[in-house]
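Visitor: Numbering (my numbering), first residue to last: 73 to 413. Structure below; questions to follow.
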Ligand code: 13P
């Protein structure tokens, strides 16, 4: 019923030079980031912070969509304009986080399975009415001794695929996000092998559940060295191994992949995306762009620090990071651009 609308939305989400802002941090994640900076963890402060992001002048030039959290999709600006309207007026598609977080997976010590399938059909209908046109579900895969287990991969892939099928049935483009964490001391090669297996398992399940590839977006992690690995791969190697893995495992029929940043610094996440475009220009069957939370927000949040007086400066920083990532999504980013505020 929604096929045409879904395919058009998915294409628009990864339009050249545009990417997504993940602003769907749950209460606990948002509060943790505020606590680190000494910002009060109240609904008012979360509203003020998200208003800062969404009302940044000109931000629609670089963002195709914003992923919202349940609390946020129901909020408005101080002057009473619903956030969904603010985004639509800026040419930005509102989306919604649908997963309910990861919980311990039975008989798989240290691993998790993402929750949220119960009642999902009704929640999708409600968010569609509220203006959301796409959704996100994040599965978490850890690399370690005996991890990831087959059980963890299959269970998470199955849940992702059932979520994605329900989304398409209800008119939301599913963002399918199997995040392989960069925690640990693993090598780039190990990260590649795990990503390979994860993507194979996920696309097999998506096929079984009848998910249409042209009506979804993949949100992958990058193939990267573990953050504690003594051997940190170069920007070019991360770009090469990431694209190699995607070319081997991601059907050409999907419109695009929009990366998570996963704890990389803002500058590194931008440099990695840029290198993929520079090295693989004209060889990519899908769009490659960003769907960052921390790599777009962390410097702006630090500048804001909960103070009204810092809003304009924080918006300037957020605009700057979004602009540089937009350039990276075209392979046109230069490190010198970091200095031009
Ligand atoms: P990070 O870019 O901070 O990894 O967050 C992206 C995201 O949406 C995680 O689900």
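Where is the CB? At the ideal position from N, CA and C, for every residue including glycine.
(1) Could you tell me whether the Cβ atoms of residue 369 and residue 393 are closer together than 9 angstroms?
(2) So which residues put a beta carbon under 5 angstroms from any heavy atom of the ligand 13P, going in chain order?
(3) How should residue 157 be labelled, buried or exposed, when 16 other C-beta atoms within 10 angstroms of its C-beta is the threshold for buried?
(4) How is residue 186 classed by DSSP in three states: helix, strand or coil?
(5) Once DSSP output is grouped into helix, strand and coil, what is the label at residue 63?
(6) From the DSSP output, in three-state form, read off residue 307 for me.
(7) Expressed to the nearest angstrom, what Euclidean distance is found between the alpha-carbon atoms of residue 388 and residue 128?
(8) Who are the near neighbours of residue 83 in its chain, counting only those whose CB is closer than 7 angstroms to its CB and skipping five residues on each side?
(9) Using C-beta distances below 8 angstroms, list every residue in its chain close to residue 339, excluding the 5 sequence neighbours before and after it, in chain order.
(10) Given residue 178, which residues of its chain have a CB within under 8 angstroms of its CB, disregarding the five upstream and five downstream residues?
(11) How do the stretch 96-107 and the stretch 284-294 stand: do at least 3 beta-carbon pairs fall below 8 angstroms, yes or no?
(12) Starting from residue 361 and walking both ways along the beta strand (DSSP E), at which residues does that stretch end?
(13) How far does the beta strand (DSSP E) with residue 275 in it reach, from first residue to last?
(14) Comparing alpha-carbon positions, which option in 110, 166, 303 and 184 lies nearest residue 201?
(15) Over the uninterrupted beta strand (DSSP E) stretch that includes residue 92, give me the two end residues.
(16) From residue 154 to residue 345, what distance separates their C-alpha atoms?
(17) List the whole-angstrom C-beta distance separating residue 274 from residue 263, where the pair is believed to meet the contact cut-off of C-beta under 8 angstroms.
(18) Could you tell me which residues DSSP puts in a beta bridge with residue 148?
(19) Skipping 5 residues on each side, what residues in its chain have a beta carbon closer than 7 angstroms to that of residue 238?
(20) When the Cα atoms are used, what is the spatial distance from residue 355 to residue 88?
(21) List the DSSP bridge partners of residue 212.
Guide: The relevant details are as follows:
(1) In this structure, residue 393 lies closer than 9 angstroms to residue 369 by Cβ.
(2) Going down the chain, each residue whose beta-carbon is closer than 5 angstroms to a heavy atom of the ligand 13P shows up: 94, 210, 332, 333, 334, 364, 365 and 366.
(3) The residue in question, residue 157, is exposed, as its Cβ has fewer than 16 Cβ neighbours within 10 Å.
(4) In the displayed model, residue 186 falls within a strand according to three-state DSSP.
(5) Here the chain covers residues 73 to 413 and nothing more, so residue 63 does not appear.
(6) The answer is helix: DSSP assigns residue 307 an H, G or I state.
(7) Rounded to the nearest angstrom, the two C-alpha atoms are 8 angstroms apart.
(8) The beta carbon of residue 83 lies closer than 7 angstroms to those of 327 in the same chain, with the five residues before and after it left out.
(9) Within the same chain, residue 339 has close Cβ partners 407 and 410.
(10) Result list for residue 178: empty, nothing under 8 angstroms.
(11) Here the stretch 96-107 makes no contact with the stretch 284-294; the two share fewer than three CB pairs at distances below 8 angstroms.
(12) Segment 359-364, the beta strand (DSSP E) holding residue 361.
(13) Secondary structure note for residue 275: it is in no beta strand (DSSP E), and the uninterrupted alpha helix (DSSP H) holding it is 260-280.
(14) When each option's Cα is compared against that of residue 201, the closest is 166.
(15) Membership of residue 92 in the beta strand (DSSP E) is indicated by the continuous run 91-95.
(16) Taking C-alpha positions only, residue 154 is separated from residue 345 by approximately 32 angstroms.
(17) About 16 angstroms separates the two Cβ atoms, so there is no contact after all.
(18) BP columns for residue 148 point to 154.
(19) The beta carbon of residue 238 lies closer than 7 angstroms to those of 192, 193 and 196 in the same chain, with the five residues before and after it left out.
(20) Counting only the Cα atoms, residue 88 lies some 15 angstroms from residue 355.
(21) Answer is 251, bridged to residue 212.
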